[in-house]
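Below is one structure, written out as C-alpha cells; the observations come after it.
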Amino acid sequence: MAIEVCDVNKSFGTTPVLRDVSVDISSGSLTALLGPSGGGKSTLLRIIAGLEVPDSGTVVISGVDATRLSPQRRNVGFVFQHYAAFKHLTVYRNVAFGLEVRKRPKAEVRRRVHELLELVHLEQMADRYPAQLSGGQRQRMALARALAVEPEVLLLDEPFGALDAQVRKELRTWLRRLHDEVHVTTVFVTHDQEEAMDVADEIVVLANGAVEQVGSPDEIYDNPANPFVMSFLGPVTNLAGHLVRPHDIDVSATERSGGTAAAVTRIVRLGFEVRIEMRIDEQDVWAQLTRGTADSLGIEPGDTVYLRPSPHAKRLASPGSGRPVQEPAG
Amino acid sequence: MGTGLGVGTAVLYLSLIVLIPLAAVVWRAGGQGIGYVWQAIRTPDSWAALELTLVASVIVALVNVVMGTVIAWVLVRDRFPGKAIVDMLIDLPFALPTIVAGLVLLALYGANSPLHVNLAYSEAGVVVALLFVTLPFVVRTVQPVLLELDRDMEQAAYSLGAGQWVTFRRIILPNLAPAMLSGAGLAFTRSIAEFGSTVLISGNIPFKTQVAAVNVAGRIESDNLTGAAAVSTALLLVAFVVLIMLDLVQRWAGRRD
C-alpha cells in the first residue's frame, strides 16, 4: 500500500469534518476521492499531505508512519485547485523550486526541469511568468513542479475545478495518459462523478465525513452500496418504491406481466438519447432510451405505457416513502 | 463628453494644487541663476540641515520598512485580543496633528522623561519623531498585499520541501517587496518634509538638530525667500527622484503580469 489512512478524525471547531475515515490506496493506482462539497474529501487529502493535522488516527505513506511528519518531509507532490503558482518566478524557476531547495546540482536541475516541461508540453513557456499562461497551462506547470521532486505520491485537490469545461476534459484525458507514463501513485479530489469515472482506477466515495463506498468505477456504478452512492454516481429514478437507473427501465406500449402503468407527460429528444417523462400515481418517473428504441415504440405525450426494470437492473429500496431522489449536480 | 471633462478637471486641479506652486518654488529659486541656488544650498547651516534630514530619513525608512512589515504581519497573520484596537492605533500618527505628536514625544523623551530616556535636542530625538510619524506608511501598504497573498503558495513551497525560513525568503518576501519598497519610499519622502513633530524635540539647534524644513522656515523668517526656495528645491528634487525610482521598481515588479 502506498497510503494507509486509519481511523482519522478531524473537526474544525465543533464541526466534525472526518469521522473514523480509513482508506487504503495501492501503489501506482490513480484514485479519485469523490463526494459532494463539504464532504471532507479535500480535508482528507490535506491530511495525507501534512497540510492539516488529524485530531486522531494515523497516516502511513510507503510504510512509514507520517502522521506527525511535517509536509516538507513527506515527499508528497501537491497540486492546488487554484494552481498556487509562484507568481514572481518564471515557469522554469517554479518547476525548479523543489530541486533548488534540495540543493541539487545546477546541471541536474536544468536537465530535470526541461524533461518535465517537455512532459507537460510547456517547453516553449520556460521563461514566461505564470500570469502570462492560461489556466490549463498553469495547472500543467503546477503538476510539473509537484513531479519534479519525484514524490512518493501525487495529490491533486480539485485540479480541474477552476478550468472551463473544454480544457477540463482535455486535461483529464491528459492526466490519465500522464499517469500511465509516470506510474506515480496519484489521488485526486473531485465532486464530478463523470470525471472520477473517466480518470480513476479506483473511487472512494466520501460524504458527510465518512467513506460511503470504495471500488472500481464499474463496481460503484453497478453495485452502489446505498441510495446515496447510487444517486451520486449517476441518474436514478423511482419505480415502484425502488431506485433504478433510467436506462434500466423497459418501456412497453402494450400491457404485460409485472409492468406498472404510467402516463407519458413529456418526451425530450437529446440527439441520440431520448428521455421519456412519466407519472405513476402522482409520482414522477423517467426512462432513458436510445432514439431507435423510442421511435419504434411510437408513443406520444398522453399515452399510457408499461414499465418494468430490465432483467439485470440494479435496484435499491428508495429512502423514505417514495420521496423523489435528486440528481447529482455537475 | 465624460472623458474630456474628466481629464480637463483633473489636469486643472492638479495644475492649481500641485504643479503651479511647485513650479513657482523652482522659479523663485532659479531666478538668480543655478549658481546662486547651489550656493544657497551649500550655506553651512542649510547643508548641515539637509544632511541631517537625508541621513535621518534613510535610517527611518530602513527601520520602518522592517518594523512596519513585522507589524503588518502580526496584524494579518496572528490572532490576539485587542487586535482591532491595535489596527486602529496604527493610523493615529496620521490623524494626530504633528505638533501634538511632537509634544507627546517631548513629554515622553524630553528632559523630564518618565522613562529616563532623554532624547531632547539630539539627532536621536529627530529620528524617533520621524519613526513615529511615518510608521503607518509601511504598515498600510504592506497589510493589504499580505491579506491578498495566496496562502496556497506557501503550502506549495512546504510540500516541495522548503522550510519556513526558505519559504519566507523565497516566496513571501519577493511578493511583499514592491509594497515594502513603496511604503519605505513614502516614509522617506514624508520624513524629508517633516516639520511639526521634530520641531519641539529637536530644539532646532543649527548644525546639530535643525532639519531642512525648519531651516527653510528660518530663512523665510529672516526674509531670505530665494534661499528658502533654493533649499526647498533641493528637497523637491530628492523627493522627485525617489518617487521616480519607486515607479520604476513598481513597473519592474509589474512586468510579470
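Sequence lines, in order, name chains W and P. The working numbering applies: residue 98 is where the first sequence begins, and numbers increase by one. The working numbering applies: residue 893 is where the second sequence begins, and numbers increase by one. Quick reminder that beta carbons are idealized off the backbone N, C-alpha and C, glycines included.
Reduced DSSP secondary structure (H/G/I, E/B, other) of Met980/P: If DSSP states are grouped into helix, strand and coil, Met980/P belongs with the helices.
Beta carbon proximity, Gln257/W to chain P, threshold 8 Å: The amino acid at residue 257/W is misidentified as Gln; the sequence shows Phe. No, Phe257/W does not count as interfacial toward chain P.
Unbroken stretches of the beta strand (DSSP E), 3 residues or longer, contained in the region 942-1007 of chain P: none
Cα-Cα separation, Gln236/W to Val176/W: Near 8 Å, if we compare the C-alpha coordinates of Val176/W and Gln236/W.
Uninterrupted alpha helix (DSSP H) stretches inside the region 250-314 of chain W (no shorter than 4 residues): 262-279 and 290-296
Chain-ordered chain P contacts of His185/W [CB-CB under 7 Å]: Pro1066, Asn1067 and Arg1148
Chain P contact for Gly174/W (CB, 8 Å cutoff): Against chain P, the CB of Gly174/W has a partner CB under 8 Å away; the residue lies at that interface.
Residues in the region 1047-1059 of chain P having any Cβ partner in chain W nearer than 8 Å: Gln1047, Ala1048, Ala1049, Tyr1050, Ser1051, Leu1052, Gly1053, Ala1054, Gly1055 and Val1058
Same chain, Cβ closer than 6 Å to Leu906/P, five either side skipped, listed in chain order: none
Contact check, Gly49/W vs Thr287/W, beta carbons under 8 Å: With chain W covering 98 to 427 only, the question about residue 49/W has no answer from this structure.
Element boundaries [beta strand (DSSP E), containing Val225/W]: According to the sequence as given, residue 225/W is Arg; it is not Val. First-last for Arg225/W: undefined, no H or E at that position.
Same chain, Cβ closer than 6 Å to Ser418/W, five either side skipped, listed in chain order: Note that Ser418/W scores a pLDDT of 46, beneath 50, so its modelled location is shaky; the value from the coordinates is reported in the next line. Excluding positions up to five away in sequence, the list is empty.
Cα-Cα separation between Ala360/W and Val382/W, rounded to whole angstroms: 10 Å
Contact check, Pro985/P vs Leu1027/P, beta carbons under 8 Å: Yes, Cβ-Cβ distance for Pro985/P and Leu1027/P is below 8 Å.
CB of Val952/P within 8 Å of CB of Ser1083/P, strictly: Result yes, Cβ atoms of Val952/P and Ser1083/P sit closer than 8 Å.
Beta carbon proximity, Gly427/W to chain P, threshold 8 Å: Summary for Gly427/W: the model assigns pLDDT 38, below 50, so the residue's position carries little reliability, and this model does not support an answer.
Contacts of Met880/P in chain W (Cβ-Cβ under 8 Å): Residue 880/P cannot be examined here, being either before or after the span of chain P that is shown, 893 to 1149.
4-residue-minimum alpha helix (DSSP H) runs that sit fully inside the region 318-347 of chain W, ordered along the chain: 324-330
Nearest neighbour of Pro913/P, chosen from Ala1145/P, Ser1124/P, Val968/P and Val1141/P [CA to CA]: Here the closest residue by C-alpha is Ser1124/P.
Neighbouring residues, chain P, relative to Gly195/W (Cβ below 7 Å): Leu1052 and Gly1053
Chain-order list of residues whose beta-carbon lies under 7 Å from that of Asp979/P (same chain, five-residue window excluded): Leu967
Limits of the alpha helix (DSSP H) - the one that Glu1046/P falls within: Arg1043 to Ser1051
Whole-Å CB distance - Glu374/W paired with Arg363/W, under 8 Å assumed: 4 Å
CB contact check: Ile1063/P to chain W, cutoff 8 Å: A Cβ of chain W is located within less than 8 Å of the beta carbon of Ile1063/P.
Three-pair Cβ contact test at 8 Å for the region 131-138 of chain W versus the region 165-172 of chain W: no
Helix, strand or coil at Phe109/W according to DSSP, with G and I counted as helix: strand
Residue-chain proximity (Gly900/P, chain W), Cβ-Cβ < 8 Å: no
Distance between beta carbons of Val326/W and Glu309/W, contact taken as under 8 Å: 5 Å
The region 926-940 of chain P touching the region 992-1005 of chain P, judged by at least three CB pairs closer than 8 Å: no
Sub-8 Å separation of Ile1093/P and Ala1145/P beta-carbons: no
Chain-ordered neighbours of Tyr226/W on chain P, where CB pairs are closer than 7 Å: Arg1148
Presumed contact (8 Å Cβ cut-off) between Leu251/W and Gly368/W, rounded CB distance: The pair is not a contact, with the Cβ atoms about 37 Å apart (cut-off 8 Å).
Neighbour-count burial assignment, Ala902/P, 16 or more Cβ in a 10 Å radius: exposed
Candidates Asn305/W, Ala410/W, Glu379/W and Pro406/W: closest to Thr112/W by CA position: Asn305/W
Beta-carbon gap between Val402/W and Leu386/W smaller than 8 Å: Going by C-beta atoms, Val402/W is not nearer than 8 Å to Leu386/W.
Between the CA atoms of Ile909/P and Trp930/P - distance to the nearest angstrom: 27 Å
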